[in-house]
Amino acid sequence: MDLSRSSLDLMQYDQLEYDNSDDNVSLSSGYESGDSCQSERDTSPAPCGSTKEMMVFKSRESLCDNLDYILSMSELCDVVFLVGEEKIPVYGLKAILATRSRVLYQLILHNQREAKVNKKKVKGEKLKGKLVIEMKNYDEEVFRRFISFIHCGKIKVDIDTVIGLFCASFEFEMNDLRGACWYYFVRSLKKQRGKMLASVDKYKNHKGIGYIIKKASPVTYISNHPYLNQLLKHYTLNYPVSPCL
2 MDLSRSSLDL MQYDQLEYDN SDDNVSLSSG YESGDSCQSE RDTSPAPCGS TKEMMVFKSR
62 ESLCDNLDYI LSMSELCDVV FLVGEEKIPV YGLKAILATR SRVLYQLILH NQREAKVNKK
122 KVKGEKLKGK LVIEMKNYDE EVFRRFISFI HCGKIKVDID TVIGLFCASF EFEMNDLRGA
182 CWYYFVRSLK KQRGKMLASV DKYKNHKGIG YIIKKASPVT YISNHPYLNQ LLKHYTLNYP
242 VSPCL
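Sequential numbering of the sequence shown, starting at 2, is according to my numbering.
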């Protein structure tokens, strides 16, 4: 399976159960291009009677790099998420966020209306002129990677971030990223179940965890997968009544 593109749907476990030593997944959402010599060209023959020849050239690599640079420059962004209990700023562009995620579009509209009604004064020079949205229930590194993925179409998924990224992609309906995180989660559960269980504890109140448990239940029943079974037992014992389910 080519993990360089994130057009993945959630897959049955029998398609996923194989061992791989990679510690992270590099994921793209179609914004990438390879070497310029391999950039896309339309080489289809011209129709009969045509007197003109045309070549279509596409290069998305520079676009991705430019967007990544914009995210590092707070003065070029128009929305800031204050992430976690420490309210660490993560910057973005409203137009791109709203276009890529219907849920983020609604969140942005809601907070814009609230800002107009409440007219709260924003503290700090870097926050002036920006829409401010608090996002307390995510780890800063996880949410920063998630926002970067929405803008640039690329992301690195590792054992420390996969659960948080799954929850974010579930909440904001980024289905391609959600499918890739599920794939990485099942593949890595055998070797890294301790860290996985710790991440489940950390994000236990997210709806994405409830989805993982529901998804894992039939897989465990059918295949009797020992590590998924441990996850289900851990979750059931520690959180017998969960709002996520």
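Glycine is no exception: its CB is placed at the ideal position from the N, C-alpha and C atoms. Values in this document were obtained by computation on a predicted structure and should not be read as measured data.
Exercise for the section: Tell me where the beta strand (DSSP E) around Val57 begins and ends. Expected result: One-based indexing of the sequence shown puts residue 57 at position 56. Per DSSP, Val57 belongs to no beta strand (DSSP E) and is neither H nor E.
Exercise for the section: Please say whether Arg188 and Ile151 have beta carbons closer to each other than 8 Å? Expected result: On the sequence shown, position 150 is the one that residue 151 refers to. On the sequence shown, position 187 is the one that residue 188 refers to. Using a Cβ distance threshold of 8 Å, Ile151 and Arg188 do not count as a contacting pair.
Practice task
Count the other CB atoms, across all protein chains shown, that sit within 10 Å of the CB of Gln193; report buried if there are 16 or more and exposed otherwise.
Solution key: Numbered from its first residue, the sequence shown carries residue 193 at position 192. By the neighbour-count rule (16 or more Cβ atoms within 10 Å), Gln193 is buried.
Exercise for the section: Specify the secondary structure class of Glu135 as computed by DSSP and reduced to three states. Expected result: Counting from 1 along the sequence shown, the entry for residue 135 is found at position 134. Note: Glu135 maps to strand in three-state DSSP.
Problem - Ile109 to Ala199 span [Cα, whole Å] - result: Here residue 109 corresponds to residue number 108 of the sequence shown, with the count starting at 1. Here residue 199 corresponds to residue number 198 of the sequence shown, with the count starting at 1. C-alpha of Ile109 to C-alpha of Ala199: approximately 31 Å in a straight line.
Exercise for the section: Can you check DSSP and say which residues form a bridge with Gly248? Expected result: Residue 248 cannot be examined here, being either before or after the span of the chain that is shown, 2 to 246.
Handout entry: Inter-residue spacing [alpha-carbon to alpha-carbon] between Asp66 and Met175
Key = The residue given as residue 66 occupies position 65 in the sequence shown. The residue given as residue 175 occupies position 174 in the sequence shown. Within the model, the alpha-carbon separation for Asp66 versus Met175 is close to 21 Å.
Practice task
Reducing DSSP to helix, strand and coil, say where Asn176 ends up.
Solution key: For the purposes of this step, residue 176 is taken as residue 175 along the sequence shown, with counting starting at 1. DSSP places Asn176 in helix when its eight states are reduced to three.
Exercise for the section: Identify whether Met197 lies in helix, strand or coil by the three-state DSSP scheme. Expected result: As a first step, residue 197 must be located in the sequence shown, where it is residue number 196. Note: Met197 maps to helix in three-state DSSP.
Practice task
Can you give me the Cβ contacts of Val163 inside the same chain, cut-off strictly under 6 Å, excluding the 5 residues immediately before and after it?
Solution key: As a position in the sequence shown, residue 163 is number 162, starting the count at 1. Excluding positions up to five away in sequence, the list reads Cys182, Tyr185, Phe186.
Exercise for the section: Look up Arg61 in the DSSP assignment and say whether it is helix, strand or coil. Expected result: Stepping through the sequence shown from its first residue, residue 61 is reached at position 60. Arg61: coil per DSSP, three-state reduction.
Problem - Cα-Cα separation between Ser34 and Lys205, rounded to whole angstroms - result: Along the sequence shown, one-based indexing puts residue 34 at 33. Along the sequence shown, one-based indexing puts residue 205 at 204. Its pLDDT being 35, under 50, Ser34 is placed unreliably in this model, and the value from its coordinates should be taken loosely. Looking at the two C-alpha atoms, the distance is approximately 37 Å.
Exercise for the section: Verify the CB distance criterion: does Cys182 have a CB-CB separation below 8 Å to chain D? Expected result: Within the model displayed, chain D is absent; a lone protein chain is all it includes.
Exercise for the section: Below 8 Å on the Cβ atoms is my guess for Glu141 versus Val91; work out the distance and round it to an integer in Å. Expected result: As a first step, residue 141 must be located in the sequence shown, where it is residue number 140. As a first step, residue 91 must be located in the sequence shown, where it is residue number 90. Right, their Cβ atoms sit about 7 Å apart.
Problem - Counted within 10 angstroms of its Cβ, other Cβ atoms place Met197 as buried (16 or more) or exposed - result: The residue labelled residue 197 in the question sits at position 196 within the sequence shown. Looking at its Cβ environment, which holds 16 or more other Cβ atoms inside 10 Å, Met197 is buried.
Handout entry: Span separating the alpha-carbon of Glu76 from that of Lys53
Key = If you number the sequence shown from 1, residue 76 lands on position 75. If you number the sequence shown from 1, residue 53 lands on position 52. Straight across, the Cα-Cα distance linking Glu76 with Lys53 is about 45 Å.
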